[in-house]
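Numbering (the working numbering), first residue to last: 5 to 176.
Below is one structure, written out as structure tokens, with a few remarks after it.
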């Protein structure tokens with residue numbers, strides 16, 4: 005698709021939440037992983053991706069929430085089956101604080117290896133520890149799409165972050 009960035013050769017694209025708007029003005033990747041310790045930033049990044057997808061004609065949204073006993077085959081079936089209602093769709097997978105387990109790791113890595121042509125996958129998660137960020141599934145998503153890590157702001161970053169938020173809302 006013309007509005008998707010070239011992520012050739014498994015080249016990872018990692019962004020901070022404040023860089024996402026600029027990226028979305030130009031591109032819509034086939035896969036996004038948004039995670040971190042800052043729930044507000046994770047939520048706002050996911051909202052921005054949803055809006056960008058909707059503006060580009062991804063009219064249908066299908067949400068899956070991973071909980072204990074989640075059937076990972078659902079993700080593959082959704083990716084393989086075309087939508088009945090629209091040409092493009094947004095698939096959303098909410099990991100929250102759930103662990104993927106072996107079946108989930110395989111399902112996510114398999115999806116990243118064979119991205120759906122008519123879909124954007126948005127994966128959201130809370131804090132992911134260092135071992136998870138080195139796992140097979142995380143690495144596969146990292147290489148296939150765009151990763152946005154919402155990390156806590158330190159005391160030096162906070163005033164600028166607040167100022168940008170006020171300016172973005174027309175409150176100078």
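We put the CB at the ideal spot given by N, CA and C, even for glycine.
Predicted model, so just to flag it, every value in this text is computed and none were measured.
Buried or exposed by the 16-neighbour rule on C-beta atoms within 10 Å, applied to residue i
i	result
residue 59	exposed
residue 96	buried
residue 134	exposed
residue 66	exposed
residue 104	buried
residue 128	buried
Cutoff 8 Å; reference residue i; Cβ partners in own chain excluding five residues on either side
i	result
residue 24	49, 52, 53 and 152
residue 158	none
Same chain, Cβ closer than 7 Å to residue i, neighbours up to 5 away in sequence not counted
i	result
residue 89	64
residue 10	Low local confidence applies: a pLDDT of 42 at residue 10 is under 50, so the model's placement there is unreliable, and no value is given.
For residue i: DSSP bridge partner residues
i	result
residue 104	DSSP lists no partner for residue 104.
residue 36	126 and 150
residue 200	Outside the displayed span of the chain (5 to 176) sits residue 200, for which this structure offers no information.
Enclosing alpha helix (DSSP H) for residue i [first to last residue]
i	result
residue 20	Residue 20 -> no alpha helix (DSSP H), and no H or E assigned at all.
residue 43	43-59
residue 165	162-172
residue 25	24-30
residue 73	Where residue 73 is concerned, there is no enclosing alpha helix (DSSP H), given that its DSSP letter is neither H nor E.
Closest Cα partner of residue i within the set the options
i	options	result
residue 110	156, 78, 44 and 86	78
residue 114	138, 128, 30 and 143	143
residue 81	124, 165 and 120	120
residue 36	174, 171, 164 and 147	147
residue 101	87, 27, 174 and 43	43
residue 55	160, 172, 32 and 99	32
Cβ shell of residue i (< 6 Å), same chain only, five flanking positions each side left out
i	result
residue 76	107, 108 and 111
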